[in-house]
Amino acid sequence: VPGTGTPATQVHDFNGGVLPSGLFWTVGVRRDAIRFTDNGRRAVFKVRDLPVIDTFQFGGAFMVPALVDFEVTWEAKGPAATYGSGKTVPATDHAAFVGRFAEAKSEVSCSGSELGFTFRGEGRADHARGLGWAHIGSERNGAFLT
Amino acid sequence: MPDYTMRTRAPTASLLGRRHVIVASTAALAGSVLATPAVQAADEREDRERGRRPVPPAPQPIPGGIQIGPAPTDVIHVWAAGLEGVGLPYTGGTLQGLDYDSNTIYSFEGNVAVAYHIGTAVGGDGTRYDLETDLRAFEGTYIAQNGSRHQGAFAFI
Numbered sequence: 001v002p003g004t005g006t007p008a009t010q011v012h013d014f015n016g017g018v019l020p021s022g023l024f025w026t027v028g029v030r031r032d033a034i035r036f037t038d039n040g041r042r043a044v045f046k047v048r049d050l051p052v053i054d055t056f057q058f059g060g061a062f063m064v065p066a067l068v069d070f071e072v073t074w075e076a077k078g079p080a081a082t083y084g085s086g087k088t089v090p091a092t093d094h095a096a097f098v099g100r101f102a103e104a105k106s107e108v109s110c111s112g113s114e115l116g117f118t119f120r121g122e123g124r125a126d127h128a129r130g131l132g133w134a135h136i137g138s139e140r141n142g143a144f145l146t
Numbered sequence: 001m002p003d004y005t006m007r008t009r010a011p012t013a014s015l016l017g018r019r020h021v022i023v024a025s026t027a028a029l030a031g032s033v034l035a036t037p038a039v040q041a042a043d044e045r046e047d048r049e050r051g052r053r054p055v056p057p058a059p060q061p062i063p064g065g066i067q068i069g070p071a072p073t074d075v076i077h078v079w080a081a082g083l084e085g086v087g088l089p090y091t092g093g094t095l096q097g098l099d100y101d102s103n104t105i106y107s108f109e110g111n112v113a114v115a116y117h118i119g120t121a122v123g124g125d126g127t128r129y130d131l132e133t134d135l136r137a138f139e140g141t142y143i144a145q146n147g148s149r150h151q152g153a154f155a156f157i
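In order, the protein sequence lines correspond to chains A and B. The first sequence: position 84 = 84 (my numbering), numbered continuously. The second sequence: position 153 = 153 (my numbering), numbered continuously.
If you want it as structure tokens, here you go:
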């Protein structure tokens, strides 16, 4: 998103950190923390006391350990469509995958704590209501592309 | 209106300067080199003592991602996947399109869910905040750097 900047009022940025490999903001969770049902058209992600970091602003130089709880639900709203170009593009290309995704609506309840700060929050993603965006589906990339 | 913004939000190219990436990467690498053998040995010993299964290797990041600086290595390995042009109100981010990989994990096959939520939060002292998220869930099979295949569940936060 060229031309935008970190909002001056941003005061917390909870994220999963970056591994030396470059794996970005991605953390492992228990297998039963994520459940996809209804042929992949619904999902629930529920986790408690997940260790993350708060960098206060995106890419901020300071960080503190934090624990967060999330309960997120997704529900597909329409038919799925196929996206991605698979192996016809280089692995570095944004379309180097094949997937089928449907627009979804999603809700989140979250809370968190770190030294000197706690919060609780709720949010929705429902494009029809002008609230963000959500999608759900399945995909493959890398060695799983044929 | 709330006075503050908090998030786990869509990463954007212009929000992370090159200096931050270099500093952060150098620190992380140094820590890894110094700590990995001892930590790994301790973890394996503790696993044996407690009868736990060893932790599977981490997934590989997708090779591509958002360019955040002029050098080829100035990349964060994630795309802002979603309906092209959808704007996020508090960070000013814009989603790139549905032909952008939603995943951060390379050599992955499985289910994926993505959500950019808009909402509010309340701090423990009663302060109200705007809330924006970029939350993703991945569940499926992945191939680690060493070529081994694993089942796993991951969250992008």
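Note that CB positions come from ideal geometry on N, CA and C, so glycine has one too.
Listed along chain B, the residues sitting closer than 9 Å to E122 of chain A by beta-carbon distance are H117, G119, T120, A121, L131.
Annotation: the continuous beta strand (DSSP E) that includes T37 of chain A extends over 34-37. A71 of chain B has a beta carbon lying at 8 Å or more from every beta carbon in chain A. Of the candidates A:P20, A:K46, A:W25, A:G17, A:K46 places its Cα closest to the Cα of R31 of chain A. With a threshold of 16 other beta carbon atoms within 10 Å, S148 of chain B falls short and is exposed. The segment 97-106 of chain B makes contact with the segment 87-106 of chain A: 3 or more CB pairs, one atom from each, lie closer than 8 Å. Judged by beta-carbon spacing, V72 of chain A lies beyond the 8 Å limit of S113 of chain A, meaning their Cβ atoms are not closer than that value. Judged by their CB atoms, P59 of chain B and Y106 of chain B are nearer to each other than the 8 Å cut-off. In the three-state reduction of the DSSP assignment, R129 of chain A falls in the helix class, which pools H, G and I. Here G123 of chain A carries a strand assignment [DSSP, helix/strand/coil]. Of all alpha-carbon atoms in A:W74, A:A95, A:F58, A:S85, the one lying nearest the alpha-carbon of G65 of chain B is that of A:A95. Using a CB distance cut-off of 8 Å, N111 of chain B counts as an interface residue toward chain A. The beta-carbon of G132 of chain A is placed less than 8 Å from the nearest beta-carbon of chain B.
DSSP places F144 of chain A in the helix class (H, G or I) of the three-state scheme. If you look at I118 of chain B, you'll find it in the beta strand (DSSP E) that goes 118-123.
By the neighbour-count criterion, in which a residue is buried when 16 or more other Cβ atoms sit within 10 angstroms of its Cβ, L50 of chain A is buried.
Interface with chain A (8 Å Cβ-Cβ cutoff): P63 of chain B is included.
Counting C-beta pairs closer than 8 Å gives three or more between the segment 124-133 of chain B and the segment 108-125 of chain A, which meets the contact rule. For E139 of chain B, the chain A residues whose C-beta falls within less than 7 Å of its own C-beta are I34, F36, listed in chain order. Scanning its chain for C-beta atoms nearer than 6 Å, with the 5 sequence neighbours on each side dropped, one finds around Q10 of chain A the residues Q57, in chain order. Among the CB atoms of chain A, none fall inside 8 Å of the CB of G85 of chain B. Exposure of V55 of chain B is indicated by the presence of fewer than 16 other C-beta atoms within 10 angstroms of its C-beta. Rounded to the nearest whole angstrom, the C-alpha separation of F97 of chain A and N15 of chain A is 25 Å. Using a CB distance cut-off of 8 Å, F62 of chain A does not count as an interface residue toward chain B.
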